[in-house]
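Number of protein chains: 2
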Amino acid sequence: MTLIKEKIEQARQILREYQIDCWLTFVRETQITPDPALQFLVDGDLTWHSALIVSQAGPAIAIVGAYDRKSVEDTGAYDEVIGYVQSIRPHLLKTITKLDPKSIAVNYSEDSEVCDGLTHGMFLTLNKMLSEIGFHDRIVSAEKIVSALRQRKTRWEVDRIRAAVEATEKIFDAVGKFIRPGRSEEEIAEFVRGEMSSAQLQPAWDPRMCPAVFTGPDTAEAHYGPTSRRVEPGHVVSMDFGVKVDGYCADLQRSWYVAEKKGASVPSDVQAGFDTIVEAIETARRCLKPGVKGIEVDRAARRVLADRGYDEFPHALGHQVGRFAHDGSALLGPEWEKYGNKPFEPIEAGMVFTLEPRLTVPGKGIVTVEEMVLVSEGSADYLSSPQQKLVLIES
Amino acid sequence: MTLIKEKIEQARQILREYQIDCWLTFVRETQITPDPALQFLVDGDLTWHSALIVSQAGPAIAIVGAYDRKSVEDTGAYDEVIGYVQSIRPHLLKTITKLDPKSIAVNYSEDSEVCDGLTHGMFLTLNKMLSEIGFHDRIVSAEKIVSALRQRKTRWEVDRIRAAVEATEKIFDAVGKFIRPGRSEEEIAEFVRGEMSSAQLQPAWDPRMCPAVFTGPDTAEAHYGPTSRRVEPGHVVSMDFGVKVDGYCADLQRSWYVAEKKGASVPSDVQAGFDTIVEAIETARRCLKPGVKGIEVDRAARRVLADRGYDEFPHALGHQVGRFAHDGSALLGPEWEKYGNKPFEPIEAGMVFTLEPRLTVPGKGIVTVEEMVLVSEGSADYLSSPQQKLVLIES
Numbered sequence: 002m003t004l005i006k007e008k009i010e011q012a013r014q015i016l017r018e019y020q021i022d023c024w025l026t027f028v029r030e031t032q033i034t035p036d037p038a039l040q041f042l043v044d045g046d047l048t049w050h051s052a053l054i055v056s057q058a059g060p061a062i063a064i065v066g067a068y069d070r071k072s073v074e075d076t077g078a079y080d081e082v083i084g085y086v087q088s089i090r091p092h093l094l095k096t097i098t099k100l101d102p103k104s105i106a107v108n109y110s111e112d113s114e115v116c117d118g119l120t121h122g123m124f125l126t127l128n129k130m131l132s133e134i135g136f137h138d139r140i141v142s143a144e145k146i147v148s149a150l151r152q153r154k155t156r157w158e159v160d161r162i163r164a165a166v167e168a169t170e171k172i173f174d175a176v177g178k179f180i181r182p183g184r185s186e187e188e189i190a191e192f193v194r195g196e197m198s199s200a201q202l203q204p205a206w207d208p209r210m211c212p213a214v215f216t217g218p219d220t221a222e223a224h225y226g227p228t229s230r231r232v233e234p235g236h237v238v239s240m241d242f243g244v245k246v247d248g249y250c251a252d253l254q255r256s257w258y259v260a261e262k263k264g265a266s267v268p269s270d271v272q273a274g275f276d277t278i279v280e281a282i283e284t285a286r287r288c289l290k291p292g293v294k295g296i297e298v299d300r301a302a303r304r305v306l307a308d309r310g311y312d313e314f315p316h317a318l319g320h321q322v323g324r325f326a327h328d329g330s331a332l333l334g335p336e337w338e339k340y341g342n343k344p345f346e347p348i349e350a351g352m353v354f355t356l357e358p359r360l361t362v363p364g365k366g367i368v369t370v371e372e373m374v375l376v377s378e379g380s381a382d383y384l385s386s387p388q389q390k391l392v393l394i395e396s
Numbered sequence: 002m003t004l005i006k007e008k009i010e011q012a013r014q015i016l017r018e019y020q021i022d023c024w025l026t027f028v029r030e031t032q033i034t035p036d037p038a039l040q041f042l043v044d045g046d047l048t049w050h051s052a053l054i055v056s057q058a059g060p061a062i063a064i065v066g067a068y069d070r071k072s073v074e075d076t077g078a079y080d081e082v083i084g085y086v087q088s089i090r091p092h093l094l095k096t097i098t099k100l101d102p103k104s105i106a107v108n109y110s111e112d113s114e115v116c117d118g119l120t121h122g123m124f125l126t127l128n129k130m131l132s133e134i135g136f137h138d139r140i141v142s143a144e145k146i147v148s149a150l151r152q153r154k155t156r157w158e159v160d161r162i163r164a165a166v167e168a169t170e171k172i173f174d175a176v177g178k179f180i181r182p183g184r185s186e187e188e189i190a191e192f193v194r195g196e197m198s199s200a201q202l203q204p205a206w207d208p209r210m211c212p213a214v215f216t217g218p219d220t221a222e223a224h225y226g227p228t229s230r231r232v233e234p235g236h237v238v239s240m241d242f243g244v245k246v247d248g249y250c251a252d253l254q255r256s257w258y259v260a261e262k263k264g265a266s267v268p269s270d271v272q273a274g275f276d277t278i279v280e281a282i283e284t285a286r287r288c289l290k291p292g293v294k295g296i297e298v299d300r301a302a303r304r305v306l307a308d309r310g311y312d313e314f315p316h317a318l319g320h321q322v323g324r325f326a327h328d329g330s331a332l333l334g335p336e337w338e339k340y341g342n343k344p345f346e347p348i349e350a351g352m353v354f355t356l357e358p359r360l361t362v363p364g365k366g367i368v369t370v371e372e373m374v375l376v377s378e379g380s381a382d383y384l385s386s387p388q389q390k391l392v393l394i395e396s
């Protein structure tokens, strides 16, 4: 069974669970305004106004421009594929009238960007069309549907993520041997890009910041590309990096320490910082299981740092990973307005999360480790091979 | 001056022209839900809720997550860059209250996808926030602003497009020598991908369909990837392809004919088809100038085919090209519902269009040529070197 067939079947089950009759993904020119749900529904892009309809009890129907018909048919996932030339409207209205769904879930959400693929202009168009048949007040948010579909990873999806994690770890191992005093963040990043290229791998996010490399104190903040700053003795070096395999991402961070002089070991403040991070990750992993809320897991990790007098990290402890490095709705995060309801969404089996606390060791740099875990019934298990030891780089 | 500075300055002029006080681009996690206007406003992606504000008379202000502050500051295009950790709301409301704009243009549009980057969920969030200060009824569509900004190409932008056209034509020349009977569409595409890769160029659209290669009669429709179908004597072969240079696209098509047997020339039906296409393109180019409407240009080309008894092509004659292969709002197209108001938008100097009629020669294949033109005061001039002769491939 292809991914698309499998995901559409899963969507049907989710519609039953949430008692929603029909899920409608409404898009156009998806290279320009992509709906993040589309990758589960077709293989490639759609050009003209297109409607992908999954109904709880009835058929899955795609209505697309004539030129896109064949590639949608090729997925084998739709009971019917309708191609049109001049306007989607008569086909869409006829199809919806026939299905007569009590609720029509469409892809918008204030809380979750992965469920918010419908643009406002397209919402207005759809609303206008559906009002012609008096169905516009049946529109509801598909947030619950799309969230569940993204986060309940099938075995096929988990296998892709495992492969991405393995490929990423191999490159982390290689770059650990490349880092040494005098090399710049940019040179280290270039080495990583070379490794990716020879393994024919794609970066999991914006290539200008994947990898992100930080050496020493007072570096640029996260979300900043590598600079010409050079590694020096006494620096903590950290790297945030991941690759994609078959469209699925890894997202990991590792830290190294550069000996202050020949033969010197890791100083106690750096070691204490690293040990705190590792303990925060393991504490969070043990707390993470179906039924708990992300805010509790975030709080558990945050407490480990606070208890030892470190500042709290200015971001969530962890996010889901999937087709995007930042995926899913449920988040291991604090109650900050920008996170909306995400930290309160219940954790489910099949979710893949990062765990990524960070802290600053004054004068040395930022210590940060990011692992990935898979939530199963009753536990969360590492997908990555957790960094247990701060790697010492000789001066 | 950087592109972003130049485009923000241009946006200010456009705001004055349309008498709109303020243009607000409101985004989050732009790797997941990118707003197509963003490429003119920042260099890279934004993670948390972000507001990019250009005011007609006042400053340009960016409000972004703390981690994105530095990369936005680096553009040098904003008078103020505000970074936040927990919520954008107090910063956004304070800024908008201070600017007190009578109209706030945001990126939604039913007619034009390149102006429709605001998701419906983000619209709801913005509307709710602005209603706290009673400003929600000042929201208007930014369609006119974003359209003008995209379509009035600066010299810097036109230079990038010229470079992309040249690089694309080089690859077309090379592939013309590679095509011969027995080679499959997929093999021809692989050759093109190899040429792109060795020139370190990126495809201008979805790599699975860039290039698109079609050989002989009864091929897959446009918007379909290359297949295992092999070139045979008597086939018309056509290819749709373009590369990007510095983020700007080319989009061209060329046709070849494979001699039916050794020494045979182009048969009269294929030659007549090719001549018709070339004449339709040249007729359209002469018709295209500031002030006319796209529908008139489309009609002029369509008439050339109709007069000779060919079916009309089931798509628009031409679209704009820019950062996307399909860019801009004004379109050289017929009055079909899916095109909305696009064929009626007035043509302006600075627009770059494709001209791409097509026709079928029964039993031989699809003849299609796509050129690119730049609209100036009073005329439109080729950016591509127009295909004047159907290239004959020996059997």
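Line by line, the protein sequences are chains A and B. Be aware that the first sequence starts at 2, since it is given in the working numbering, and climbs by one per residue. Be aware that the second sequence starts at 2, since it is given in the working numbering, and climbs by one per residue. Each residue gets a CB set at the ideal place from its N, CA and C atoms; glycine is no exception.
Residues of chain A whose Cβ lies closer than 7 Å to the Cβ of residue 325 (chain B) are, in chain order, 32, 33. Nearest neighbour of residue 353 (chain A) by Cα position, chosen from A:373, A:343, A:334, A:346, turns out to be A:373. Within the stretch 99–140 of chain A, the runs of alpha helix (DSSP H) that reach at least 4 residues and sit entirely inside it are, in chain order, 121–133. Between the beta-carbon of residue 259 (chain B) and that of residue 233 (chain B) there is about 7 Å, and that keeps the pair under the 8 Å contact cut. Here residue 352 (chain B) carries a coil assignment [DSSP, helix/strand/coil].
Against chain B, the beta carbon of residue 124 (chain A) has neighbours under 7 Å at 121, listed in chain order. Distance from the Cα of residue 89 (chain A) is smallest, within the candidate group A:103, A:115, A:127, for A:127. When 9 Å is used as the limit between beta carbons, residue 89 (chain B) is near these residues of chain A: 338, 339, in chain order. The Cβ atoms of residue 96 (chain A) and residue 64 (chain A) sit closer than 8 Å to each other. Between the stretch 299–315 of chain A and the stretch 357–370 of chain A there are three or more inter-stretch CB-CB distances shorter than 8 Å, so the stretches are counted as touching. Assigned with DSSP and collapsed to three states, residue 255 (chain B) falls in strand. Taking a contact as a CB-CB distance under 8 Å, the pair residue 251 (chain B) and residue 214 (chain B) does not count as one, their CB atoms being some 17 Å apart. Interface residue (Cβ-Cβ distance to chain A less than 8 Å): residue 137 (chain B) is not classified as such. Residue nearest to residue 256 (chain B) within the set B:174, B:334, B:143 is B:174 (criterion: CA-CA distance). For residue 320 (chain B), not one C-beta of chain A is nearer than 8 Å to its own C-beta. Within 9 Å of the CB of residue 45 (chain A), the CB atoms of chain B belong to 207, 209, 210, 224, 226, in sequence order along the chain. For residue 332 (chain A), the three-state secondary structure derived from DSSP is strand. Of all residues in the stretch 255–269 of chain B, none is placed with a Cβ closer than 7 Å to any Cβ belonging to chain A. In this model, residue 338 (chain A) and residue 345 (chain B) are separated by some 43 Å (Cα to Cα).
Per DSSP, reduced to three states, the secondary structure at residue 231 (chain B) is strand. Residue 85 (chain B) is bridged by DSSP to B:66. At a cut-off of 8 Å between beta-carbon atoms, residue 313 (chain B) makes no contact with chain A.
Residue pairing by DSSP places residue 361 (chain B) opposite B:367 in a beta bridge.
Boundaries of the beta strand (DSSP E) harbouring residue 372 (chain A): 372–377, taken from the DSSP string. DSSP, reduced to helix, strand and coil, places residue 225 (chain B) outside both helices and strands of the structure shown, so it counts as coil.
Using a Cβ-Cβ cut-off of 7 Å, residue 49 (chain A) is close to 339 of chain B, given in chain order.
Interface flag for residue 109 (chain B) against chain A is set, since a Cβ pair is found closer than 8 Å. Fewer than three Cβ pairs drawn from the stretch 179–186 of chain B and the stretch 142–152 of chain B lie within less than 8 Å of each other, which leaves the two stretches out of contact.
Listed along the chain, the chain B residues whose CB falls inside 9 Å of the CB of residue 304 (chain A) amount to none; the nearest CB is some 19 Å away. Looking at A:382, A:370, A:393, the one whose alpha-carbon comes closest to that of residue 170 (chain A) is A:370. Separation of residue 144 (chain A) and residue 33 (chain B) (C-alpha to C-alpha, rounded to the nearest whole angstrom) is 15 Å. Annotation: Cβ neighbours of residue 29 (chain A) in chain B (cutoff 9 Å, chain order): 114, 117, 339. For residue 86 (chain A), the neighbours in chain B by C-beta distance under 9 Å run, in chain order, 315, 316, 337, 339. Under the three-state reduction of DSSP, residue 37 (chain A) is assigned to helix.
Think of a sphere of 7 Å around the beta carbon of residue 37 (chain A): the chain B residues whose beta carbon falls inside it are 33, 34, in chain order.
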